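To convert, note that position 30 of the sequence shown is 30 in full-length UniProt numbering; the numbers rise steadily by one, no gaps.
Working notes, beginning with the structure itself.
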Amino acid sequence: MTSLEQQQQQQEPHQVGVDELHEELDTTPAVALDKYGLTPLHWACDRGQSVAARLLLQHGADVDAVEKRMFKRRPLHFAVLASSDATVRELLAHHADVLAVDYRGWAPIHGAAYSGDVASLAALLDAGASVTTQLTARRETALHVATSRGRAEAVRLLLKRSPGDEGLLELEDDEGSTAAQVAARGGHESIACLLGQH
């Protein structure tokens, strides 16, 4: 085992590479783009590296940098799809835009519903994301997305966090389907029953 490997084994897992990142940030701007139009912050969020994300933000990374490819995602989109609630919370602490949408009209709340990451979903709702007013280009709510993926815990949280909002269950996507219909069509009977009880 080399001395570098021994040193890395002794360090906390989240610390490996942080010293190197510190050194790199002294000479390379935190807003540099790679050949895909992504910043280092996009990559840190994609990998769920909250410590690296914090360091990049402290060195001037743009918390709402828009991906230059057609997808137009921001770091928060990457963090929710990586199911990294620590990274999501770090971005929210730096005032990431919870309403920002990508090329499909997906806001971060849709990504968290897709991945079933309840902790990130709760953080987004606490930061002002909306279950009923944030619709994708296909007119899907986060509830539609969670039901289509069979994410029962995410569905429960979305229902709990939208009390008294009877209209949520009636909202239809661009195919005219409610979330309950999406769940039934996807074979998620327990979720369809749960929605039917509300």
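For every residue, glycine included, the Cβ atom is placed at its ideal position computed from N, Cα and C.
Keep in mind the model is a prediction, meaning the values are calculated, not measured.
Asked: Does the contact criterion of 3 or more C-beta pairs under 8 angstroms hold for the segment 100-108 versus the segment 54-61?; Found: no
Asked: For residue 95, name the three-state secondary structure that DSSP assigns.; Found: coil
Asked: Between the alpha carbons of residue 177 and residue 159, how many angstroms are there, rounded?; Found: 17 angstroms
Asked: Would a C-beta distance cut-off of 8 angstroms place residue 76 and residue 100 closer than the cut-off?; Found: yes
Asked: Helix, strand or coil, according to DSSP, for residue 36 in the structure here?; Found: coil
Asked: Closest by CA to residue 167, which one among 175, 183 and 141?; Found: 141
Asked: Under 8 angstroms between the Cβ atoms of residue 69 and residue 116?; Found: no
Asked: Helix or strand or just coil, what does DSSP make of residue 14?; Found: Low local confidence applies: a pLDDT of 46 at residue 14 is under 50, so the model's placement there is unreliable, and no value is given.
Asked: Considering only the beta carbon of each residue, do residue 78 and residue 46 sit closer than 8 angstroms?; Found: yes
Asked: Can you round the beta-carbon distance between residue 83 and residue 120 to whole angstroms, since I take them to be within the 8 angstroms contact cut?; Found: 7 angstroms
Asked: Which whole runs of the alpha helix (DSSP H) in the segment 64-148 are 4 residues long or more, in chain order?; Found: 75-81, 85-93, 108-115, 118-126 and 142-148
Asked: Just to confirm, is the Cβ distance from residue 129 to residue 88 under 8 angstroms?; Found: no
Asked: Using alpha carbons as the reference points, say which of 123, 139 and 135 lies closest to residue 154.; Found: 123
Asked: Take residue 111 as the anchor and find which of 133, 94, 73 and 42 has the nearest alpha-carbon.; Found: 73
Asked: So, are the CB atoms of residue 196 and residue 179 less than 8 angstroms apart?; Found: no
Asked: First and last residue of the alpha helix (DSSP H) that includes residue 189?; Found: 189-196
Asked: For the alpha helix (DSSP H) holding residue 50, just list the boundary residues, first then last.; Found: 50-58
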